[in-house]
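Everything in the sequence shown is counted per UniProt numbering, starting at 1 for the first residue and increasing by one.
Read the structure below first, then the notes.
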Amino acid sequence: MYLSYFCSHFSCLAIAVLLVSLNQECRADVAEETEAVRAAAAKELVDHTHPDIIDRHVVVTDQGVDEAEAGPGACKHFGVFYRNRQLLHTTVTCFKVLCSSGKLRWVADTSCCPAESGLHPESTRQPTSDPCQLRVCEAGQWTLVPDFERCCQHEKEWFPVGSSRPMRGGPCTYHLCHDGRWEEHYNTSCCFDEVGWHTSGTVLFTADPCRTKTCRDSHWTERDTCCSEPATGRKVASGDIVRVDGCTYQLCHESTWRRHVAFSCCQRRGFQYEDGSLVNLGSACRRDRCVDGSWHVVRREHVARGPCATGWHRLGHRCVARMGEGTWHEGEEKCEKHDGTLLAVANKAGWNDLLHVKENITVWLGLRGHEITEGVTEWHWQDGTPRSVPVLWAAGEPQTLPGHVCAYVHHGRAHSASCDERHLVFCERTHCEH
């Protein structure tokens with residue numbers, strides 16, 4: 001009657017809470033009987049020949065025994081006997097009824113697993129923080145297992161649904177995890193031809209050497225890449241060059257002509273000189289030859305010791321004039337207009353001359369460098385002074401700067417700097433004896 005009254009006046013949730021409470025109250029008694037309870041459950045003491053007992057809503061089937069078989073400590077309910085320590089199955093999830101010393105008690109089902117929300121029956125599956133792992137209730141304990149239905153395995157790793165990984169076929173093919181298995185997919189931006197798959201942006205030549213095809217969003221687009229010679233109309237392939245003169249050529253780039261100056265030529269005062277040209281570049285005391293894009297002195301005559309022209313002042317064997325301030329290239333142009341060059345130092349005496357300059361000034365030198373490889377700069381004098389002449393650099397100089405770099409002098413020592421900086425411009429020139 002107790003259990004019938006209990007089930008008819010409380011909700012399922014209240015039943016569960018109350019049953020847990022009852023279980024806690026009798027935990028001490030049940031602890032001693034745990035092994036016996038498990039053994040009884042394992043024997044599945046169910047007899048289908050007798051009517052249901054206790055309450056139709058609590059006990060699933062008749063599990064009673066004859067009075068003669070009940071033995072000491074048996075329980076009797078509605079005329080039905082149960083052995084001492086007999087475990088009865090019920091309709092309440094995760095709870096059973098135990099016959100203990102003549103009384104029926106609620107006990108937790110040892111096959112269920114505890115959680116914050118209560119007890120959960122065996123085989124319950126719950127998600128975890130890892131999208132590819134579930135916890136499953138097995139024999140009263142939670143066990144972590146992979147989610148085979150949603151995740152896919154690759155080597156020793158698991159990937160959630162929607163994950164992708166490249167295939168051996170390249171970036172145009174990949175595997176996509178769908179419903180627990182890898183499915184083969186193709187990149188929709190790739191293009192296919194007789195060779196295979198190609199990524200977007202790939203450019204290939206066609207049978208016509210003047211046409212290429214480009215992969216754009218899964219489609220091939222063709223274009224003409226050759227140039228036509230103005231005079232003859234002859235087709236020239238992209239990347240080929242046509243010589244205009246000794247120092248100028250045109251490069252065909254994707255059907256467009258681009259004009260370039262040959263690296264082997266030299267430039268001065270807006271003019272171009274072919275490799276091997278021998279010219280006078282403003283100083284009466286030297287002749288220079290264009291060699292592979294650089295000027296080299298081939299003849300230097302004796303310097304006359306006569307007086308300097310008006311506005312020019314003696315500095316050692318040179319006549320020097322101050323031409324204001326400017327960038328390195330502006331200074332070079334100023335000096336060329338006066339038949340001179342930026343300051344050059346050909347020997348130790350020249351550095352001593354600069355060291356004795358009293359003013360705290362910075363002056364451009366006719367010294368320029370070019371980075372030939374990363375971290376390596378090659379320096380040369382614009383007037384052709386041999387590279388063997390040592391440069392007296394300041395401490396920590398020269399610095400490694402990208403591209404072209406120029407030099408200026410301060411207190412008799414050279415410093416490297418960007419050619420676009422502004423420093424004083426001093427021009428020098430000499431008189432020669434023939």
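Built from N, CA and C at the ideal position, the CB exists for glycine as well.
Practice problem: Helix, strand or coil for residue 70, going by three-state DSSP, please let me know. | Solution: helix
Quiz item: By Cβ distance, which residues of its chain are closer than 6 Å to residue 427, with the 5 residues on each side in sequence left out?
Solution: 321, 323, 335, 338 and 340
Self-check item: Contact belief for residue 223 with residue 180 at Cβ below 8 Å, rounded distance in angstroms
Solution: The pair is not a contact, with the Cβ atoms about 46 Å apart (cut-off 8 Å).
Quiz item: Apart from the five residues just before and just after residue 198, which ones in its own chain have a Cβ nearer than 8 Å to its Cβ?
Solution: 172, 190, 191, 192, 204 and 215
Quiz item: residue 226 lies in the alpha helix (DSSP H); which residues open and close that run?
Solution: Counting along the chain, residue 226 falls outside any alpha helix (DSSP H), and DSSP gives it neither H nor E.
Quiz item: What runs of the beta strand (DSSP E), each 3 residues or longer, lie entirely inside the segment 80-160?
Solution: 80-82, 95-100, 103-108, 113-115, 118-120, 125-127, 133-138, 141-146, 152-154 and 157-159
Quiz item: Nearest-angstrom Cα distance between residue 328 and residue 421?
Solution: 7 Å
Exercise. State buried or exposed for residue 74, treating a residue as buried only when at least 16 other CB atoms are found within 10 Å of its CB.
Key: buried
Exercise. Please state whether DSSP places residue 330 in a helix, a strand or coil.
Key: helix
Exercise. Keeping to the same chain, check which residues put their C-beta closer than 7 Å to that of residue 292; ignore five residues upstream and five downstream.
Key: 264 and 275
Quiz item: How should residue 147 be labelled, buried or exposed, when 16 other C-beta atoms within 10 angstroms of its C-beta is the threshold for buried?
Solution: buried
Quiz prompt | Distance, residue 266 Cα to residue 260 Cα | solution = 13 Å
Quiz item: In the DSSP assignment, what are the bridge partners of residue 241?
Solution: 251
Exercise. Decide if the segment 397-417 is in contact with the segment 354-370; the criterion is three or more beta carbon pairs, one per stretch, under 8 Å apart.
Key: yes
Quiz prompt | CB of residue 112 within 8 Å of CB of residue 122, strictly | solution = yes
Quiz item: Can residue 163 and residue 174 be called in contact, C-beta distance under 8 Å?
Solution: no
Exercise. Grab the span of the alpha helix (DSSP H) containing residue 312 for me, first residue to last.
Key: From DSSP, residue 312 is part of no alpha helix (DSSP H); its letter is neither H nor E.
Quiz item: In this structure, what does DSSP give as the bridge partners for residue 365?
Solution: 343
Quiz item: For residue 213, which residues of its own chain have a beta-carbon under 6 Å away from its beta-carbon, when the five flanking residues on both sides are left out?
Solution: 204, 206, 220 and 222
Exercise. Give the single residue among 429, 351, 381 and 423 whose Cα lies nearest to the Cα of residue 394.
Key: 351
Quiz item: Where does residue 335 sit, in a helix, a strand or coil, going by DSSP?
Solution: helix
Practice problem: For residue 234, count neighbouring Cβ atoms within 10 angstroms of its own Cβ and tell me buried if that reaches 16, exposed if not. | Solution: exposed
Quiz item: Tell me which same chain residues have a C-beta within less than 8 Å of the C-beta of residue 22, skipping the five on either side of it?
Solution: Bear in mind that the predicted position of residue 22 carries a pLDDT of just 40, short of 50, making it too unreliable to give a figure here.
Practice problem: Alpha carbon to alpha carbon, how far is residue 309 from residue 392? Give it in angstroms, no decimals. | Solution: 30 Å
Quiz item: Cβ of residue 92 within 8 Å of Cβ of residue 81?
Solution: no
Exercise. Specify, as a first and last residue, the run of the alpha helix (DSSP H) that residue 349 falls within.
Key: 348-355
Quiz item: Among the residues of its own chain, which have a CB less than 8 Å from the CB of residue 239, if the five just before and after it don't count?
Solution: 251, 252 and 253
Quiz item: If you draw a straight line from the C-alpha of residue 232 to the C-alpha of residue 218, how long is it?
Solution: 38 Å
Quiz item: Among residues of its own chain, excluding the 5 on either side of residue 108, which ones have a beta-carbon nearer than 7 Å to its beta-carbon?
Solution: 23, 94, 95 and 119
Quiz item: beta strand (DSSP E) containing residue 76: first to last residue?
Solution: 75-77
Practice problem: Just the C-alpha distance for residue 137 and residue 125, rounded to the nearest angstrom, thanks. | Solution: 7 Å
Exercise. Going by CA-CA distance only, name the one from 63, 357 and 87 that's closest to residue 79.
Key: 63
Exercise. Starting from the C-beta of residue 418, find all residues in its chain whose C-beta is less than 8 Å away, skip the five residues before and the five after it, and write them out in chain order.
Key: 401, 405 and 406
Self-check item: For residue 166, the first and last residue of its enclosing beta strand (DSSP E)
Solution: 164-167
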